[in-house]
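Data block below; observations after.
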Amino acid sequence: MLLNELPIAYIDPGSGAMVLQVVIASILGASLYFRRILFAPVLWFKSLGRKDEMSETEHSAQDGERSRREHDESRRAA
Amino acid sequence: MILRNTNQTVVHPASYRDPAGCIYRSPSGQLLRQVNHAGASDYDMLMSSGLYERLVSTGQLVSHTETEDEPCDVEKAYKIIQPELLDFISYPYEWAFSALKAAAVLTLDIQETALKHSMTLKDASAYNVQFRGHQPVFIDTLSFEAYQPGKAWDAYGQFCRHFLAPLALIHSRGVEMGKVQSLYIDGVPLDYACKLLPKRTWLRPGTLMHLHLNSMLTRSYSDTSKPTQEKPNAKVTQQGLQNILQSLRKTVLSMRLPTRATTWADYYENNTYDENGQKEKLQAVSDFIESVNPRTVWDLGANTGLYSRIAANKGAHVVAFDIDHLCVERNYNECVSEQRTNLLPLHLDLTNPSPGIGWAHTERNSVTDRGPADAIMALALIHHIAISNNVPLELVAQYMHSIGRTLIIEWVPKHDPQVQRLRVGEKTSSMATRKTHLRRHLVVIFKSKKAVRRERETGNFIVCRDAPIPL
Chain A
4 MLLNELPIAY
14 IDPGSGAMVL
24 QVVIASILGA
34 SLYFRRILFA
44 PVLWFKSLGR
54 KDEMSETEHS
64 AQDGERSRRE
74 HDESRRAA
Chain B
2 MILRNTNQTV
12 VHPASYRDPA
22 GCIYRSPSGQ
32 LLRQVNHAGA
42 SDYDMLMSSG
52 LYERLVSTGQ
62 LVSHTETEDE
72 PCDVEKAYKI
82 IQPELLDFIS
92 YPYEWAFSAL
102 KAAAVLTLDI
112 QETALKHSMT
122 LKDASAYNVQ
132 FRGHQPVFID
142 TLSFEAYQPG
152 KAWDAYGQFC
162 RHFLAPLALI
172 HSRGVEMGKV
182 QSLYIDGVPL
192 DYACKLLPKR
202 TWLRPGTLMH
212 LHLNSMLTRS
222 YSDTSKPTQE
232 KPNAKVTQQG
242 LQNILQSLRK
252 TVLSMRLPTR
262 ATTWADYYEN
272 NTYDENGQKE
282 KLQAVSDFIE
292 SVNPRTVWDL
302 GANTGLYSRI
312 AANKGAHVVA
322 FDIDHLCVER
332 NYNECVSEQR
342 TNLLPLHLDL
352 TNPSPGIGWA
362 HTERNSVTDR
372 GPADAIMALA
382 LIHHIAISNN
392 VPLELVAQYM
402 HSIGRTLIIE
412 WVPKHDPQVQ
422 RLRVGEKTSS
432 MATRKTHLRR
442 HLVVIFKSKK
452 AVRRERETGN
462 FIVCRDAPIP
472 L
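Line order of the protein sequences matches chains A and B. Using my numbering, the first residue of the first sequence is number 4, and each one after it goes up by one. Using my numbering, the first residue of the second sequence is number 2, and each one after it goes up by one.
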C-alpha cells in the first residue's frame, strides 16, 4: 500500500543534465543580453530609417487623402 | 511485441515504464490506452488547456476518443481512450537522416507549445514519434504534465541521447552511425557518443554545450567514487527554457548528412533497363497492385521509390525499404516535397533485419513481427540475396511468405550486368535453373498454407498469392 503511494519518477532526469540547463540558460541569457547591447546602436539606426520611411509613407498617404478630398469637393461643386 | 487479437486483454510490453497509463489490446481487438489515476490531473489539463486541440489541429499529436471499454487494470483506471491508428510503426534506427531531424524538431515544437499552455513534456523519447508518410506525429498522449515554474526540463538529457547524439554522430562520422541507436533503447549514452565524435565538435557551441559538457557533468554527478551528492535544486526561468529549446533547435538544424557516392543512389539514372523494359516493369507492378488491391505494401529494395509510388498512387500504404541510406534519404525528401502521407521510406538490411529489442525482446518489434503486409514487392532483389549472400532460395521463399500474403518477384535475367558482376567466379547452377528452383519453392510454400488462389508467371515476374486477403 505504501509503495503504491510513493511518487514514481517516469524518467531519471539526471542531476548533471539539470545543473547544465541552469548553466546553459545563464550563458544563453547573458549572450542574448550582450548581443542586444552590442547591436543596440545598429537597431537604433535601423529604427530611425524605418521611422523616416514611415513618415514618408504617412506624408504621402496624407497628401493622397488631401488631394482625394479636394477632388471630391471639386466634383461636388461641379 | 505486436498486440495481436487474442480474445483477451494484452498489455503492451513497453507500457510498464509509464505510471500514468498503459497501452493494451482489448478482447474485442481494439487498441486502447488506459489513463491511470496517477496521470488523471495531467490528462485533464492537456484536454482542458487547449493544448490537445492545438496539437491535433496541426497534425502534431495523434487524436483520440474517450470510450467506455473495459480497462486493463480496474483499480488504477481513470479513463480509457482510443487513439487514432497508424499504418506502420517504425523506429529511429530505420529512419532517414532527415526524418530523424524532423522528429527532433517536432519534439521541440511540441515542448514549446506545451510551455505556452503551462505544460511540459515529461519525456523526449524518439520512440514517441511515428510517421504518417513524411509527416512526424507524436503518439504518446500521456507524455504531458503540468509545468512547474522555475523547474528545469526533465527530458533534456533524454532528448540529447535520443536525437542530438545520433544526429551528431551521423553528421561527423557517416550515415552508418545511425545503426548505433538500435544498441541502446534509451538513446546513445553521451560519454560513448562523445568518445566517437571528432575533436572539432568541441568548437561548435551546440555540440559543446549539449553533448560534451552534458556528458562531463552527467559523469561527474554519477561518479560512485565521490561521496553521495545531494540532488541539485536546478532553477531555470521559462525564458531560460525557451532559450535552451532555441539552441537545441539550431543545433539540430545545423546537422547535415555527409553525402558521398553510393552504389545504388543513381540506379534509376544508370540502370540496365531499356525503355521497353522499364515500361514492362511499370505495367507488371501496376497490374499486380490492381489485381491484389492491397491496403499495405512493403517494397523491399525500393531504391528511391519509383515502383513504391505506383502502389501509393493506387491508395495503398507503402513502406519502402532499402539498404542504401542515401536512397532512403532521397526517397524521404521526395516524399516531403510531394507531401505524401502514404509512403514511408525506411532503412533495412534484409540480410540482417531490425531485431526485437528492449526487455525480453518485446518492447520494440522486429520488422518481421510488424508484418505481414498485404503485398510484398521484391523487384530486382533476389539475386542480391541469393548470390551475394548465398541465402538458399527455399529460405528466401519461406521468409517472403512469412512477411506477406501476396508477392511479386522480379527475376533479373543472367545477361544483366549487375548479375554478371555478382556472379564473378561463380560456377554453380545457371540463372535459369535458379529461377525454376525459386518458382518451385514459392509454389510449394504458398500452396502449403491454405489455398493458393492463383500463381502465375509472366516474363521475368513471378506473382504468388496466399489465402484470400481480408478486406
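Beta carbons: idealized from backbone N, C-alpha and C, even for Gly. Treat the numbers as computed from the prediction; the structure is a model and nothing was measured.
Where does residue i sit, in a helix, a strand or coil, going by DSSP?
i: residue 384 (chain B); result: helix
i: residue 236 (chain B); result: strand
i: residue 9 (chain B); result: coil
i: residue 153 (chain B); result: coil
i: residue 411 (chain B); result: strand
i: residue 32 (chain B); result: strand
i: residue 208 (chain B); result: helix
i: residue 345 (chain B); result: strand
i: residue 293 (chain B); result: helix
i: residue 437 (chain B); result: helix
i: residue 47 (chain B); result: helix
i: residue 15 (chain B); result: helix
i: residue 299 (chain B); result: strand
i: residue 357 (chain B); result: coil
i: residue 73 (chain B); result: coil
i: residue 21 (chain B); result: coil
i: residue 52 (chain A); result: helix
i: residue 55 (chain B); result: helix
i: residue 140 (chain B); result: coil
Residues in its own chain within less than 6 Å of residue i by CB, not counting five upstream and five downstream?
i: residue 66 (chain B); result: 83
i: residue 349 (chain B); result: 322
i: residue 449 (chain B); result: Its pLDDT being 44, under 50, residue 449 (chain B) is placed unreliably by the model, and the measurement read from it follows with that caveat. Hits under 6 Å: none found.
i: residue 103 (chain B); result: 137
i: residue 45 (chain B); result: none
Name the residue from the options whose alpha carbon lies nearest to the alpha carbon of residue i.
i: residue 254 (chain B); options: B:99, B:281, B:60, B:22; result: B:99
i: residue 412 (chain B); options: B:406, B:193, B:378; result: B:378
i: residue 69 (chain B); options: B:29, B:93, B:95, B:89; result: B:29
i: residue 462 (chain B); options: B:382, B:315, B:386; result: B:382
i: residue 308 (chain B); options: B:380, B:359, B:277; result: B:380
i: residue 145 (chain B); options: B:96, B:12, B:47; result: B:47
i: residue 137 (chain B); options: B:148, B:60, B:167; result: B:60
i: residue 306 (chain B); options: B:336, B:410, B:243, B:294; result: B:336
i: residue 367 (chain B); options: B:90, B:18, B:45; result: B:90
i: residue 88 (chain B); options: B:434, B:25, B:295; result: B:295
i: residue 364 (chain B); options: B:20, B:24, B:331; result: B:24
i: residue 139 (chain B); options: B:149, B:147, B:112; result: B:112
i: residue 10 (chain B); options: B:245, B:289, B:26, B:303; result: B:26
Among the residues of its own chain, which have a CB less than 7 Å from the CB of residue i, if the five just before and after it don't count?
i: residue 72 (chain B); result: 35, 78, 81
i: residue 134 (chain B); result: 336, 341, 342, 343, 344, 345
i: residue 57 (chain B); result: 64
Taking a contact to mean a Cβ-Cβ separation below 8 Å, would you say residue i touches residue j in this structure?
i: residue 408 (chain B); j: residue 465 (chain B); result: yes
i: residue 94 (chain B); j: residue 355 (chain B); result: yes
i: residue 298 (chain B); j: residue 376 (chain B); result: yes
i: residue 256 (chain B); j: residue 172 (chain B); result: yes
i: residue 143 (chain B); j: residue 40 (chain B); result: yes
i: residue 121 (chain B); j: residue 169 (chain B); result: no
i: residue 153 (chain B); j: residue 25 (chain A); result: yes
i: residue 369 (chain B); j: residue 403 (chain B); result: yes
i: residue 208 (chain B); j: residue 198 (chain B); result: yes
i: residue 167 (chain B); j: residue 86 (chain B); result: no
i: residue 386 (chain B); j: residue 397 (chain B); result: yes
i: residue 345 (chain B); j: residue 329 (chain B); result: no
i: residue 359 (chain B); j: residue 238 (chain B); result: no
i: residue 176 (chain B); j: residue 259 (chain B); result: yes
i: residue 43 (chain B); j: residue 21 (chain B); result: yes
i: residue 291 (chain B); j: residue 315 (chain B); result: yes
i: residue 23 (chain A); j: residue 215 (chain B); result: yes
i: residue 333 (chain B); j: residue 105 (chain B); result: no
i: residue 108 (chain B); j: residue 75 (chain B); result: no
i: residue 241 (chain B); j: residue 33 (chain A); result: no
Buried or exposed: residue i, going by 16 or more other Cβ atoms within 10 Å of its Cβ?
i: residue 42 (chain A); result: exposed
i: residue 282 (chain B); result: buried
i: residue 132 (chain B); result: buried
i: residue 45 (chain A); result: exposed
i: residue 50 (chain A); result: exposed
i: residue 443 (chain B); result: buried
i: residue 437 (chain B); result: exposed
i: residue 18 (chain A); result: buried
i: residue 248 (chain B); result: buried
i: residue 300 (chain B); result: buried
Between residue i and the rest of its own chain, which residues show a CB-CB distance below 8 Å, the 5 nearest in sequence each way excluded?
i: residue 159 (chain B); result: 124, 125, 126, 187, 188
i: residue 219 (chain B); result: 158, 191, 192
i: residue 118 (chain B); result: 50, 51, 52, 55
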